[in-house]
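Line by line, the protein sequences are chains Y and X.
The C-terminal position of the first sequence is numbered 216 in the working numbering, with every residue numbered one higher than the one before it.
The C-terminal position of the second sequence is numbered 1216 in the working numbering, with every residue numbered one higher than the one before it.
Even for Gly, the Cβ is constructed at its ideal location relative to N, Cα and C.
Have a look at the structure below before the remarks.
Protein chains: 2
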Amino acid sequence: MATRAGTGRQARGGETGAAGPDSRGGTPAPVPQRLMAAATRLFAEQGYDRTSVQEIVEAAGVTKGALYHYFGSKDDLLHEIYGRLLRLQQERLDLLAEREAPVEERLRQVAADVVVTTIENLDDAMIFFRSMHQLSPEKQKQVRAERRRYHERFRALIEEGRRAGVFSDATPADLVVDYHFGSVHHLSSWYSADGPLTPQEVADHLADLLLRALRP
Amino acid sequence: MATRAGTGRQARGGETGAAGPDSRGGTPAPVPQRLMAAATRLFAEQGYDRTSVQEIVEAAGVTKGALYHYFGSKDDLLHEIYGRLLRLQQERLDLLAEREAPVEERLRQVAADVVVTTIENLDDAMIFFRSMHQLSPEKQKQVRAERRRYHERFRALIEEGRRAGVFSDATPADLVVDYHFGSVHHLSSWYSADGPLTPQEVADHLADLLLRALRP
DNA sequence: AATCACATACCGACTGGTTAGTCTGCTCGG
DNA sequence: CCGAGCAGACTAACCAGTCGGTATGTGATT
């Protein structure tokens, strides 16, 4: 349904294969990917509203006709960026949460992992929390729903740890989740690859702060 | 240069007196305040770029002539909103940090206070975190510098506590500061006055999480 | 193997609408 | 009578999205 046939929307193409939009001199990446990459960079640099469709297509080396062939609207591009990040993080959360390990160890891994993947996709993350409100209300609702699922999965881990008696229950679990995700969102406004800390180090520290705060 | 001779900039007027833009039927609030109040509300609701100057002046019951009489540009309005919040929080931080009390008590109060004042000015805060990058580079630099002063003052408290042996030094102090302010920034995306928690309760919980994370 | 039918992929000029900021001039208190 | 305070028409720029058109490929029919 999604791809060809009727409307040529919803690109998404090669999630596998080379990471960059153009993996060296060989064949250039497909047009939809080039558009997504250009939009991501420009949205992160200038903001959504300040980036014109014209700029995006020029950066991707195509024209408006191509963009509107693959995407329904400018705001579709934004929605795809969100989808990409959310799918990635949800997938990793599910993977880690189901492991065999003490709950405090699983929470630590999950808390650190979301930090690492956020830093590794810092442009996406920056766009995420800056431009959410610029999505159409309908798409916004959808994104929020997915986000909530993520938070609930995370909260479930905290509650599991409480029942097991390894976490304090001094603070409502929702608040603890928001406390941690606040710091995750905030990453894009201070983390720099030039800084002294690697993504993994930052992640370990932040996860450690969370676990320390939860000590009984 | 920008405006006319006398540069009628920098409104700011009655910081004292009635809080609202129009304190009941009597005399309406002065035009600059009405403009600031209207701009604050609209920026928070729709975002900076999506709010037209025309909307602002209509909401304030004046015309463009009035706005450009008092403010140099649309982005000046934004800058004033930042200034208002930053001045308020800096002032309160200085006040609390200089009190006579054990350092852990002072940190707790400071950490909670910034949460309360953020919630009490949630529109300002939301605009702050969403629209920073829409300021002119020059004004952005200025705001960042003020923000940094605030963070450094906060960090100094943590370091004082470490020297006194009451805080753990497992995590770099900068990271701890960013951890806490992440959650403060994040407030505007989840806190609701209709929720079960009062601002003070949220503040106490968040301050508690910080202090718990810092236990040696 | 040549032709036809049809779809995908893309081009780029164009449209209708919006925007920040300017400018001239009115009004009214002192 | 003068200037601060403001009105509101105006300008020059810009922008998302549309649309008619072209090129290329593919499968079926002759």
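**Message:** Run through chain X and tell me which residues come within less than 8 angstroms of A213 of chain Y, C-beta to C-beta.
**Reply:** L1209, L1210, R1212, A1213
**Message:** How far does the alpha helix (DSSP H) with H1079 of chain X in it extend, from its first residue to its last?
**Reply:** 1074-1097
**Prompt:** In or out: A39 of chain Y buried (at least 16 other Cβ within 10 Å) or exposed?
**Reply:** buried
**Prompt:** Under the three-state reduction of DSSP, which class applies to D1178 of chain X: helix, strand or coil?
**Reply:** DSSP places D1178 of chain X in helix when its eight states are reduced to three.
**Prompt:** Counting along the chain, where does the alpha helix (DSSP H) carrying H69 of chain Y start and finish?
**Reply:** 64-70
**Request:** Closer than 9 angstroms, Cβ to Cβ, to anything on chain X: give me those residues from the region 158-178 of chain Y, in chain order.
**Result:** With the criterion set as a beta carbon lying under 9 angstroms from some beta carbon of chain X, the members of the region 158-178 of chain Y are S168, A170, T171, P172, D174, L175, V176, D178, in sequence order.
**L130 of chain Y, buried or exposed, once every other Cβ within 10 Å from all chains shown has been counted against 16** = The residue you asked about is not Leu; residue 130 of chain Y is Arg in the sequence shown. Buried is the label assigned to R130 of chain Y, since at least 16 other Cβ atoms lie within 10 Å of its Cβ.
**Item:** Span separating the alpha-carbon of H180 of chain Y from that of S1052 of chain X
**Value:** 35 angstroms
**Request:** Go through its chain and collect everything with a Cβ distance to S23 of chain Y's Cβ below 6 angstroms, but skip five positions before and after it.
**Result:** Note that S23 of chain Y scores 42 on pLDDT, short of 50, meaning its location in the model is unreliable; the coordinates nonetheless yield the value given after this. Excluding sequence positions up to five before and after S23 of chain Y, its CB lies less than 6 angstroms from no other CB in the same chain.
**Prompt:** Is G8 of chain Y close to chain X, meaning its C-beta is less than 8 angstroms from at least one C-beta of that chain?
**Reply:** Annotation note: pLDDT 34 at G8 of chain Y (below 50); position unreliable, coordinate value reported separately. No, G8 of chain Y lies away from the interface with chain X (no Cβ there is under 8 angstroms from its Cβ).
**Request:** Could you check what DSSP says for R41 of chain Y in three-state terms: helix, strand or coil?
**Result:** helix
**Asked** So, are the CB atoms of L187 of chain Y and T117 of chain Y less than 8 angstroms apart?
**Response** no
**Request:** Within the same chain, show all residues whose beta-carbon is closer than 7 angstroms to that of E1104 of chain X, passing over the 5 residues directly before and after it, in chain order.
**Result:** Only G1161, V1166, L1211 meet the Cβ criterion.
**Prompt:** Helix, strand or coil for D1113 of chain X per DSSP?
**Reply:** helix
**Item:** Rounded separation between L1175 of chain X and K64 of chain Y - CA only
**Value:** 43 angstroms
**Message:** Spatial neighbours of A1044 of chain X within its chain, please: C-beta separation below 7 angstroms, excluding the five flanking residues on both sides.
**Reply:** D1123, M1126, I1127
**Prompt:** At a Cβ threshold of 8 angstroms, is Q200 of chain Y touching chain X?
**Reply:** No, Q200 of chain Y does not count as interfacial toward chain X.
**Asked** If we cut at 8 angstroms on Cβ distances, does Q134 of chain Y have a partner in chain X?
**Response** Yes, because at least one Cβ of chain X sits closer than 8 angstroms to the Cβ of Q134 of chain Y.
**Request:** Verify whether the separation of the beta carbon atoms of G1061 of chain X and R1034 of chain X is less than 8 angstroms.
**Result:** yes
**Request:** Give the straight-line distance between the Cα atoms of S189 of chain Y and H1133 of chain X, rounded to the nearest whole angstrom.
**Result:** One C-alpha to the other measures close to 10 angstroms.
**Item:** Cβ-Cβ distance between T1135 of chain X and L1078 of chain X below 8 angstroms
**Value:** The residue you asked about is not Thr; residue 1135 of chain X is Leu in the sequence shown. Taking 8 angstroms as the Cβ cut-off, L1135 of chain X and L1078 of chain X qualify as a contacting pair.
**Request:** Could you check what DSSP says for L1206 of chain X in three-state terms: helix, strand or coil?
**Result:** helix
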